[in-house]
Structure formats: C-alpha cells, structure tokens
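Protein chains in written order, with this note's numbering: chain H, 1 to 477; chain E, 478 to 572.
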Ligand SMILES: [Zn+2]
C-alpha cells in the first residue's frame, strides 16, 4: 500500500453568547418551549427590517484579535440562498467576500510538538432553526427558536494533518473562546460544532485529492473518530482503484460510521448577493484598539505566568489554564491558602476525577474555592493528614459541607501526640518480628509496611512523619 | 433569450417548484425580459465611480443587545398551513 498524506481544514461554528438574536430582540436562551422566542423578523416575514446586534460585531472582533487576524475596516453582509425548512427566510444572512476578520493563526500543541495552524477568515452569520422528526405523524416539525441566533464561523487553512491535530486545534480554539466569554462552548448543546473538510493524497503528489465535508460534529470524540473513519475510507477507495467523490457527509457517533448525505450536489448553488436591508460595517482604529486593549489574559500567556509566578511545572500550568473556569478556581483558592502546588494537585487529581465521574463542570460542583483552601490549610497546619484529607474531600464533594465541620463531626484531627503514637508503634513492632528482621537485613521497604500498619490502627489519623521517626527510633534502639 | 430554459429549470429546482411545459415557456420569456431590462444598466458609463456595497450612503446601523418580549406562539404560527406540538409541521425531510 502507498503512503498517504492527510489534508484537513476545519470550519468551526460558535454560537455567540449574546442575550438577543442577531437582528431582533428575541432571547437566545437555550431550551425554551418551541417557537416562544420568535418574532416576524427571525421567522422571515415579508417586509420586516433587521437591525444588527452591536455585540455580534464586538464578539467577532474579539475572536479575530485573539486568533491574530486582521480586522476589516470595511465589511458587509450577504444573503446565502438555499431552500430548507429550518430556514424560514430561504436565505441565511452571512458574509461572502468581505468578512470581518481575515488571515490569522493559532499555535497548537500536539504530543509536545508545537504547530501553527492558519486561519483563513472569521465571519458572522445567523444560525438556522431546529427540525424535529415526529415519529407519530411522520412529519417534520420546525422549531424556530434558534433561527437567527448569532454565530461566528472560523475557517482554518488546510494545515491540519491528523485527527490528533484537529482535536488539539479545536481544544485550543474552545479555550480561547471561553476566555473571551464570547461563546459558552457547550458542545453537547451544539453551541460549538465543526465541519471537517478532508482529502488524502499519495505522499509526494502535488495536487490535493478530492475532498469531502463531514458536517456538524459536536464532540471531540466525534471529530476524532469521524476523521479516522474518513481517512481509512478514502484510502480504501483509492487503493481499490476508485475515485473519491466530492460530497457532504454525516457521522453517526454511536455506530462510529460515516455516510454520504442524499442531497443532490447541484443544490449547492447559493447565489450570494449583498444584503440590501443591512448597512455596511465600518470599524475605526479606535474601536478596534479599544477592544484589543481590553482583551483578557489568553491561555498561553496565563500558562507562562503560572510557571514563573507560582513555580508550577509546565504540565500543571498547561492543564490548569486550558479551561478558564479551572484557572479562575485555581487563582481564587490559591489567593486564600497560598500553596499553588497543593491547589494544583487537588484540581488535577481527586477533584478532576470526581468531576469526571459525575460528568459536571467545576462551577457546578458543591466545593467552593474557600472550602478547598481551608482543607489545604488544615493539612498545611498538620491538623489532618493528607490521607484523611482525601476522605474529607470526597465528603465535601458529595455534601458541600465545610472541611472543618467534617473534621470536627467525625473526630478526624490528626494525632501528633508522640506518646500516644509511640505506644501504637511499639505494639506494631512487637507484632511483626519478620518485618523488623527484613528491615535489619537491608530491606528498606519493610518500614513502609510498618507505617501502613500504624496508619491502619489509627484509622489514618496519625501524623505519618512522626510515625516514621518513632518506628525507626524503636527498631534502632 | 438571455435566460435559457435550462436556467429556468435550474432555478425552479432550487426553489422546489414543479413547472409545467407552458409555465417553463412563459417564465423563460418573462425572466429574459426582466434580465434584459436590468441589463440596460450595463450601458451606463461608470468610469470613475467607486463600487458600492449598499445603495444608500449609510453604515453601522446597530441595536443594543437588550431582550424584548417575543410574539405569542399562536401569533407566530398563525400563517402556518399545518402545525403540531407548538411547531410548524412540514412534509418529512430526509437527511
Ligand atoms: Zn425575533
């Protein structure tokens, strides 16, 4: 089999987190009853006059600046015509030849290697409605609540070469949009999703192969799996002497299989023309600079600061800053307890594990920054052992109770009284002559076993450093 | 004819319209007339005139991002020929 090179470009759609729709004052809140966030403008009634939401421009410019784009001083909107029931106007208002942002890039990290992915353009456009299949009547039902919710479409250059790179690009973009607070990035609700353009060519061949477009992928797993699937499919077609057809495809996440959509290719004739009801967008240097000066600290800058200011390992800094919510939780907790490495260990360890198990976000958890900080301070002061702290944390996570309250209620205060611990140590030494012999024969591991026994006896409440010290004293006497 | 029968068929197809042979004839003539009429503009000398994105000399018409009540659902669905479960009901769309 020949060696193949994979060429991928992503078109990412991000719903902007404005309060109102793109051209009318209807709410954008997700999950409302069908057709209750609608008016004549967003349902495409004849004779209405759309007026652009100023925040749409602001948010798109923010996204453009954060991805190193040139911001257009003159931009306009166009009609993209197509006939489908989710689009009551029979055209989508979008941008054709004069988008708001042009020519940027993003730096991504793939398995420790840095790579730059070009961004062709970012334009503003409106979302379409939602189609629901009515199993009872066999008809299709149209919910127009999402019609004209504002989007930005971020189009990458065909610089991506693998599923891993595509996922890394999407993760980097997601984290930037979250930091900017221009999109809530809830992929499961479809507010961040992407189309994958993919082709393969034998290594050494100059021309691109024929590409396909897999639409509407809304999880990292779906992006990854659909790309792996499509690479395999195209290579198999070529290896069997066939040709790849230019087509629009879907990916079934549950079955892990992609398939071509039935729509005819000749329908892809969008007949763009300038939107006569909307005025051109003309941006001044002052407007753009004002937004630029007020951009929040971006993830890669924050990461460097975490290393230099808090002395965290690069690995920790990368993980903590990849999500804005985690980063702000870290900063607030550390501002109270001032132990960055410990806060980082909790956030990347037990806390992350429990959040994953529950499938919730950090800001939906019952543990507050104050509570985690006081738990850490209890360990730092020697009031509780770190082993007990893990138990306490599980309970804090379940109930939202304060660390001190759990410690007091359950009597979990660490025993640091040497007299009391010494007695137990002696008992353990007496009961384990074989371990003492092992230790004296040079097996250092034996001491760990004895510490473990003492901790078990004290239900984890003994201070392990003191236990260690006392055991050695007794044995070496 | 500046618009061919094939053009009209294509446009009708994009608009999901089924045209009879007579309609095809009729619209080919009518659309040709319209395009010819519009083409008169090509005779105007536009040397030295800058291209424009909008016929009016306006820019930056924006509104504030403030929610106002939407319409009652009954009102919004009034024009729908068929409705069900608070939605417009349309013939089955197959992906
Ligand atoms: Zn509306």
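For every residue, glycine included, the Cβ atom is placed at its ideal position computed from N, Cα and C.
Where residue i sits in the DSSP three-state scheme
i: residue 352 of chain H; result: helix
i: residue 146 of chain H; result: coil
i: residue 27 of chain H; result: strand
i: residue 92 of chain H; result: strand
i: residue 134 of chain H; result: coil
i: residue 405 of chain H; result: helix
i: residue 282 of chain H; result: strand
i: residue 73 of chain H; result: coil
i: residue 451 of chain H; result: helix
i: residue 39 of chain H; result: coil
i: residue 491 of chain E; result: helix
i: residue 300 of chain H; result: helix
i: residue 64 of chain H; result: helix
i: residue 215 of chain H; result: strand
i: residue 436 of chain H; result: helix
i: residue 419 of chain H; result: helix
i: residue 243 of chain H; result: coil
i: residue 464 of chain H; result: helix
i: residue 179 of chain H; result: helix
i: residue 342 of chain H; result: helix
i: residue 259 of chain H; result: strand
i: residue 4 of chain H; result: strand
i: residue 10 of chain H; result: strand
i: residue 513 of chain E; result: helix
i: residue 397 of chain H; result: helix
Cβ neighbour criterion (16 or more within 10 Å) applied to residue i
i: residue 258 of chain H; result: buried
i: residue 467 of chain H; result: buried
i: residue 494 of chain E; result: exposed
i: residue 73 of chain H; result: exposed
i: residue 479 of chain H; result: The requested residue 479 of chain H is not part of the displayed model; chain H covers only 1 to 477.
i: residue 280 of chain H; result: buried
i: residue 46 of chain H; result: exposed
i: residue 518 of chain E; result: exposed
i: residue 417 of chain H; result: exposed
Residue i and residue j closer than 8 Å at C-beta
i: residue 76 of chain H; j: residue 98 of chain H; result: yes
i: residue 192 of chain H; j: residue 14 of chain H; result: yes
i: residue 272 of chain H; j: residue 79 of chain H; result: yes
i: residue 250 of chain H; j: residue 212 of chain H; result: no
i: residue 12 of chain H; j: residue 261 of chain H; result: no
i: residue 150 of chain H; j: residue 18 of chain H; result: yes
i: residue 387 of chain H; j: residue 311 of chain H; result: no
i: residue 484 of chain H; j: residue 52 of chain H; result: Beyond the ends of chain H as shown, which are 1 and 477, falls residue 484 of chain H; an answer cannot be given.
i: residue 157 of chain H; j: residue 119 of chain H; result: yes
i: residue 321 of chain H; j: residue 303 of chain H; result: yes
i: residue 124 of chain H; j: residue 152 of chain H; result: yes
i: residue 523 of chain E; j: residue 480 of chain E; result: no
i: residue 282 of chain H; j: residue 536 of chain E; result: yes
i: residue 7 of chain H; j: residue 229 of chain H; result: no
i: residue 568 of chain E; j: residue 139 of chain H; result: yes
i: residue 166 of chain H; j: residue 109 of chain H; result: no
Any chain H beta carbon closer than 8 Å to residue i
i: residue 481 of chain E; result: no
i: residue 530 of chain E; result: yes
i: residue 566 of chain E; result: yes
i: residue 512 of chain E; result: no
i: residue 501 of chain E; result: no
i: residue 523 of chain E; result: no
i: residue 485 of chain E; result: no
i: residue 493 of chain E; result: yes
i: residue 569 of chain E; result: yes
CB contact below 8 Å: residue i versus chain E
i: residue 138 of chain H; result: yes
i: residue 132 of chain H; result: yes
i: residue 217 of chain H; result: no
i: residue 33 of chain H; result: yes
i: residue 269 of chain H; result: yes
i: residue 54 of chain H; result: yes
i: residue 123 of chain H; result: no
i: residue 274 of chain H; result: yes
i: residue 110 of chain H; result: no
i: residue 43 of chain H; result: yes
Under 9 Å from the C-beta of residue i: neighbouring residues of chain B
i: residue 143 of chain H; result: Among the protein chains of the structure shown, namely H and E, there is no chain B.
Q: Could you run through the region 535 to 564 of chain E and flag, in chain order, every residue whose CB is less than 7 Å away from some CB of chain H?
A: For chain H, the residues of the region 535 to 564 of chain E that bring a beta carbon within less than 7 Å of one of its beta carbons are 535, 536, 537, 538, 539, 540, 541, 542, 543, 544, 545, 547, 548, 550, 553, 554, 561, 562, 563, 564, in chain order.
Q | Residues of the region 62 to 87 of chain H whose Cβ lies closer than 7 Å to any Cβ of chain E, in chain order | A | Flagged, chain order: 76, 83, 85.
Q: Name, going along the chain, the residues of the region 6 to 28 of chain H whose beta-carbon falls closer than 9 Å to a beta-carbon of chain E.
A: Against chain E - using a Cβ distance shorter than 9 Å - the residues of the region 6 to 28 of chain H are 18, 19, 20, 23, 24, 25, 26, 27, 28.
(Q) If the cut-off is 8 Å on Cβ atoms, which residues from the region 276 to 300 of chain H count as contacting chain E, listed in chain order? (A) From the region 276 to 300 of chain H, only 276, 278, 279, 280, 281, 282 have a Cβ closer than 8 Å to chain E.
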